[in-house]
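Asks: Protein chains in written order, with my numbering: chain L, 2 to 451; chain R, 8 to 295; chain Z, 11 to 300. Sending over a structure as structure tokens; questions will come in a sec.
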């Protein structure tokens, strides 16, 4: 091998040089030939930059709403940008720090308390007329305001509330001789045992019903993480809920359930739901599945019912979250952004907004919207939707506690559940660890003067 | 003396970049590590509180450090052995060797984001390819990534998939061993094994050393796979240091705390690297 | 087991070697084959239906039937593929140029010129490789924002022009192996160091330059974090970012996702295959004086 460079395959280098030329040629060609990806439709209007995290079949709905807004007036043009969900929060923060935030963003992550506390968000109530704000407080579903509020201000206006209930397959129930959907959680668990199927190797092939979600079942057992204005983690009722989640798995074998669950598609789109493929006879999910089932599995026979309460528990209970719109401090078009939010959420015109809610199968901000003709027509079309509307006005549905360390709290709640439902720690240990972790965080924040 | 200034001119691009993009942010981050800072509002000085909290009061900090060390202790030596072994094989003269080299190198250039998703599928306990193959052999495979006892081992095993990069460095090193050395040994009657032990191995120690250092640095910064595949779970069994740092900074908006963590990491990595450097005169052989 | 060994293995030995290499290659290639196989499957072939724990994913079902070629055009229709490709190639081109040239100049300084503190500075440069990127990320971001670079390609390209430590390291090692006589001769004839670098050293260093170019190309091609942080305009997104977007949003469309991934890695595979020999040559850290 000579140092003169002659013996390093000259051909190789020539090939590389050729590839480099191809790259340059491609760039030049593409620059000339490719039109702009998304040209502005109304370049003369004031642009309102709107970020959201929807994609695929959902993005189509969002684009439709944006189009409607742009057609409804001639001052603003909302320009939508779909940001990958996994990194959207980070991108948002960077954009705010970089001095170039969007004007409005649709969110569903637990961001309001932390971002509000950091002074990142414009309090939406300050943009409203006092009468408008009073009216909203009076008319909105309580949970909608809970989701969007922090420390006495409204930072996010919900454009869709999610509540969760049971979807079940009547023919599965009939096949095991069940007459009606059970009216107690204990009854449901007994039914689930009869519905569950195994293969020869004792692997689960169909799950009758498997409860999951500490934040879902704590309220159902009459507990919850936020009572009387403060965190309440290690309580007897919460412990009962966690023990229930753990024992439900233990009877089939922790490992066995885990393996079954990891074999299921967890995508958010309609056709990816294991309930459709029949792997669950009873599954808990949000109201948007009604719309999805109608669209993508119209032949499927199913019914809905609230998760039944256990002995000593609460009916129409569970977890709730939602989609909400925020305006970051530093947004250039606060007025335009708020116009868009109003338009979508239906604060000023329930009749018009009702239609948007039905497109996504979303639960509305206030009963004023629920009562509109278009929304009522929708509920008549999908009677299964009514279960969710019933739950919406329930006092027993709880969103994530409004503490500024919401994300950490949620992470630790998930870890506690993870430990308990794998059988690696007892529910009591899991809940004590959770309480200690959170107490430590609170102490730390206090020592900063927060 | 004129020359001495010329040298600075030549390295000036790096020097400028170093001062602006490394030293400056570096010192700012030292300052931030003594602050509470949520990225958006101005930092507030709080003294050594972040450090005190980390060392005395944060079990996850210790857990993540322990996980990272565990990973480094297994993944780095295994990676070196695997890569070296593959390089020895790939250095043989055989038709179609360039195809084999490409095959082994491919995983290295495929973006981790893409491969992590593929691996999640392959390692799926119930419907994945891996357990399906093991099932043919009559072995019931574990729940690779969702079992806290297996998740770390799985990530270590997976790291061997991407050794292609270091295989190339070994191959390059092997090519550089002068043939004359082998010829001399052969005429002295040394067998193939003796030649490997007394010529190949010592001559390769600089490359092994290089890979050891890069491996340690890489292991301490291990992040992407855990972020995509396990998010630190199950039960914090794959909560790596860099991952926890990321959570602290971007999920919990605790930049001051995260800066302190980054600083501790930097010190740990530097110390480890220094210790390895100290030993290198004992075992690294520089030719000529 | 000796390189350049004069003793060739016999026919039997060669067959055995092929067998060993093939067996070893299986775990390295299978995931990629699986990626391709899934890219050609309908969603119904990917997931098990009710009543079966065994899945279509099992080994027996590796070959898709029927072939769902439509995943490829579908994936390309979902994102503005050509726009992303154009941006990616542009960034790759600028970064390769910047990184290779600046690193060569710096490496020459470290390899061939004497100045006070040279060893120290070199070690310092190596040490920066150990610095976790997280440490400097926030201040760096703030710096770029202050400069008004947020939302432009500048934060993604300018740093490459400051020399890349790893490349400087590789190039320095390579330059050290080049004989001093040539440059001494040139120096006597009155050539400046700059001229020696351009006319003598660089022409002899094509393999290491090509290697660094390839590394930089791969790095830029795969970089998704940079565009994520700094780019706000879909017109400026890159392929890696597009793929990430695809992943977090098309979570369940596995066929399309794998088709997108396949499209994403195909150019790199071609590139590496074409340049494989130069690549290995270039990495040679000590160089042969035989």
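Ideal placement from N, C-alpha and C gives every residue a C-beta, glycine not left out. For clarity, every value in this text was computed on a predicted model and none was experimentally measured.
Using a Cβ cut-off of 8 Å (strictly closer), state whether residue 71 of chain R contacts chain Z.
Replies: Here residue 71 of chain R is taken as the residue at index 64 of the second chain, counted from 1. Not an interface residue.
Asks: Roughly how many angstroms separate the alpha carbons of residue 239 of chain L and residue 432 of chain L, rounded to a whole number?
Replies: For the purposes of this step, residue 239 of chain L is taken as residue 238 along the first chain, with counting starting at 1. For the purposes of this step, residue 432 of chain L is taken as residue 431 along the first chain, with counting starting at 1. Cα to Cα, residue 239 of chain L sits roughly 8 Å from residue 432 of chain L.
Asks: With 9 Å as the limit, tell me which residues of the stretch 74-104 of chain L have their beta carbon closer than that to any beta carbon of chain Z; keep them in chain order.
Replies: Cβ contacts with chain Z: 82, 83, 84, 85, 86, 87, 88, 89, 91, 92, 95, 96, 98, 99, 100, 101 and 103.
Asks: State yes or no: is the C-beta of residue 165 of chain Z within less than 8 Å of the C-beta of residue 247 of chain Z?
Replies: Position 155 of the third chain, counted from the start, is the residue given in the question as residue 165 of chain Z. Position 237 of the third chain, counted from the start, is the residue given in the question as residue 247 of chain Z. No, they are not a contact pair.
Asks: Could you tell me which uninterrupted alpha helix (DSSP H) segments, each at least 4 residues in length, are contained entirely in the stretch 112-152 of chain Z, listed from first to last along the chain?
Replies: Those alpha helix (DSSP H) runs which fall completely within the stretch 112-152 of chain Z and span 4+ residues are 128-138.
Asks: Excluding the five sequence neighbours on either side, which residues of its own chain have a C-beta within less than 8 Å of the C-beta of residue 192 of chain R, listed in chain order?
Replies: The residue labelled residue 192 of chain R in the question sits at position 185 within the second chain. Correct list, in chain order: 201, 202, 205 and 206.
Asks: Determine the chain R residues that contact residue 408 of chain L at a beta-carbon separation under 7 Å, and present them in chain order.
Replies: Your numbering for residue 408 of chain L matches position 407 in the first chain. Residues of chain R passing the Cβ test: 258 and 259.
Asks: On the three-pair Cβ rule with 8 Å, is the stretch 339-352 of chain L touching the stretch 108-121 of chain L?
Replies: no
Asks: Could you list the residues in the stretch 155-180 of chain Z with a C-beta less than 7 Å from some C-beta on chain R, going in chain order?
Replies: 169, 171, 172, 173 and 178
Asks: Going along chain R in order, which residues have a C-beta closer than 8 Å to the C-beta of residue 105 of chain Z?
Replies: Locating residue 105 of chain Z in the third chain gives position 95, counting from the first residue. Neighbours of residue 105 of chain Z in chain R, taken as residues whose beta carbon is under 8 Å from its own, are absent, since the nearest beta carbon is some 14 Å off.
Asks: Which residues in the same chain as residue 320 of chain L place their Cβ atom closer than 6 Å to its Cβ, once the five residues preceding and following it in sequence are excluded?
Replies: The sequence position of residue 320 of chain L within the first chain is 319, counting from 1. So the list reads 216 and 217, once near-sequence residues are dropped.
Asks: Taking 8 Å as the threshold (beta carbon to beta carbon), is residue 184 of chain Z in contact with chain L?
Replies: Here residue 184 of chain Z refers to the residue found at position 174 when the third chain is read from its first residue. Output row for residue 184 of chain Z: interface = no.
Asks: Under 7 Å, CB to CB, which of the residues in the stretch 52-72 of chain R have a partner in chain L?
Replies: 53, 56, 60 and 64
Asks: Could you work out which residues of chain Z lie near residue 107 of chain R, taking near to mean beta carbons separated by less than 8 Å?
Replies: Residue mapping note: residue 107 of chain R aligns to position 100 of the second chain, counting from 1. By Cβ distance, chain Z contributes 31 and 35.
Asks: Can you tell me whether residue 202 of chain Z is buried or exposed? The criterion is at least 16 other CB atoms within 10 Å of its CB, across all chains shown.
Replies: Within the third chain, residue 202 of chain Z is the residue found at index 192, counting from 1. Its Cβ having fewer than 16 others within 10 Å, residue 202 of chain Z is exposed.
Asks: Would you say residue 447 of chain L reaches chain R, if we count a Cβ-Cβ gap shorter than 8 Å as a contact?
Replies: On the first chain, position 446 is the one that residue 447 of chain L refers to. Answer no: the Cβ-Cβ gap between residue 447 of chain L and chain R never drops below 8 Å.
Asks: Listed from N- to C-terminal order along the chain, which residues in the stretch 215-242 of chain Z have their beta-carbon within a distance smaller than 7 Å of any beta-carbon of chain R?
Replies: Residues passing the 7 Å Cβ filter: 228, 232 and 234.
Asks: By a C-beta neighbour count over all protein chains shown, 10 Å radius and 16 as the cutoff for buried, is residue 135 of chain Z buried or exposed?
Replies: Position 125 of the third chain, counting from 1, holds the residue named residue 135 of chain Z. Around the beta carbon of residue 135 of chain Z, a 10 Å sphere encloses 16 or more other beta carbons of the protein chains shown; the residue is thus reported as buried.
Asks: Can you tell me whether DSSP reads residue 238 of chain R as helix, strand or coil?
Replies: Translated into positions along the second chain, residue 238 of chain R becomes position 231. Three-state result, residue 238 of chain R: coil.
Asks: To the nearest angstrom, report how far apart residue 104 of chain L and residue 49 of chain L are at their CA atoms.
Replies: Locating residue 104 of chain L in the first chain gives position 103, where the first residue counts as 1. Locating residue 49 of chain L in the first chain gives position 48, where the first residue counts as 1. The straight-line gap from Cα to Cα measures roughly 6 Å.
Asks: Counting only beta-carbon atoms, is residue 82 of chain Z nearer than 8 Å to chain L?
Replies: For the purposes of this step, residue 82 of chain Z is taken as the residue at position 72 of the third chain. No - not a single Cβ of chain L is within 8 Å of the one on residue 82 of chain Z.
Asks: Using the Cα positions of residue 294 of chain L and residue 377 of chain L, report the straight-line distance between them to the nearest angstrom.
Replies: By 1-based counting over the first chain, the position of residue 294 of chain L is 293. By 1-based counting over the first chain, the position of residue 377 of chain L is 376. About 19 Å.
Asks: In chain order, which continuous runs of the alpha helix (DSSP H) of length 4 or greater are located wholly inside the stretch 128-194 of chain L?
Replies: Within the stretch 128-194 of chain L, the complete alpha helix (DSSP H) runs of at least 4 residues are 131-140, 143-149 and 171-176.
Asks: Select from the stretch 111-134 of chain L all residues with a C-beta closer than 7 Å to any C-beta belonging to chain R, and list them in chain order.
Replies: Answer set for the stretch 111-134 of chain L: 115, 119, 120 and 121.
Asks: Are there 16 or more other CB atoms within 10 angstroms of the CB of residue 177 of chain L, so buried, or fewer, so exposed?
Replies: By one-based count along the first chain, residue 177 of chain L stands at place 176. With fewer than 16 Cβ atoms within 10 Å of its Cβ, residue 177 of chain L is classed as exposed.
Asks: Under three-state DSSP, which class holds residue 44 of chain Z?
Replies: Within the third chain, numbered from 1, the residue matching residue 44 of chain Z stands at position 34. DSSP places residue 44 of chain Z in helix when its eight states are reduced to three.
Asks: From the beta carbon of residue 256 of chain L, is the nearest beta carbon of chain R less than 8 Å away?
Replies: Position 255 of the first chain, counting from 1, holds the residue named residue 256 of chain L. At least one chain R Cβ lies under 8 Å of residue 256 of chain L.
Asks: Give the C-beta separation of residue 394 of chain L and residue 310 of chain L to the nearest angstrom, bearing in mind that I take them to be a contact with Cβ-Cβ under 8 Å.
Replies: For the purposes of this step, residue 394 of chain L is identified with residue 393 of the first chain, where counting begins at 1. For the purposes of this step, residue 310 of chain L is identified with residue 309 of the first chain, where counting begins at 1. Contact doesn't hold; Cβ gap of about 17 Å is too wide.
Asks: Return the chain-ordered list of same chain residues with a C-beta closer than 8 Å to the C-beta of residue 304 of chain L, the five sequence neighbours on each side being excluded.
Replies: Translated into the one-based positions of the first chain, residue 304 of chain L becomes position 303. These residues qualify, in order along the chain: 168, 169, 171, 182 and 385.
Asks: Please classify residue 163 of chain L as buried or exposed, where buried requires at least 16 neighbouring CB atoms within 10 angstroms.
Replies: Locating residue 163 of chain L in the first chain gives position 162, where the first residue counts as 1. Buried.
Asks: Are the CB atoms of residue 101 of chain L and residue 161 of chain Z nearer to each other than 8 Å?
Replies: For the purposes of this step, residue 101 of chain L is taken as the residue at position 100 of the first chain. For the purposes of this step, residue 161 of chain Z is taken as the residue at position 151 of the third chain. Between residue 101 of chain L and residue 161 of chain Z, the gap from beta carbon to beta carbon is short of 8 Å.
Asks: As a quick exercise: from R:102, R:108 and R:153, pick the residue whose alpha carbon is nearest that of residue 95 of chain R.
Replies: Within the second chain, residue 95 of chain R is the residue found at index 88, counting from 1. Considering only alpha carbons, the answer is R:108.
Asks: Determine the DSSP secondary structure at residue 420 of chain L, reduced to helix, strand or coil.
Replies: Here residue 420 of chain L refers to the residue found at position 419 of the first chain. Correct three-state label for residue 420 of chain L: helix.
Asks: So is residue 22 of chain L buried or exposed if we call it buried at 16+ other beta carbons inside 10 Å?
Replies: Locating residue 22 of chain L in the first chain gives position 21, counting from the first residue. It is exposed - the Cβ of residue 22 of chain L has fewer than 16 other Cβ atoms within 10 Å.
Asks: Pull up the distance between the alpha-carbon of residue 155 of chain L and that of residue 146 of chain L, whole angstroms please.
Replies: The count along the first chain starts at 1 and reaches residue 155 of chain L at position 154. The count along the first chain starts at 1 and reaches residue 146 of chain L at position 145. Rounded to whole angstroms, residue 155 of chain L to residue 146 of chain L spans 7 Å at the Cα level.
Asks: Between the Cα of residue 450 of chain L and the Cα atoms of R:24, R:51, R:80 and R:28, which residue gives the shortest distance?
Replies: Position 449 of the first chain, counting from 1, holds the residue named residue 450 of chain L. Comparing Cα positions, the closest option is R:51.
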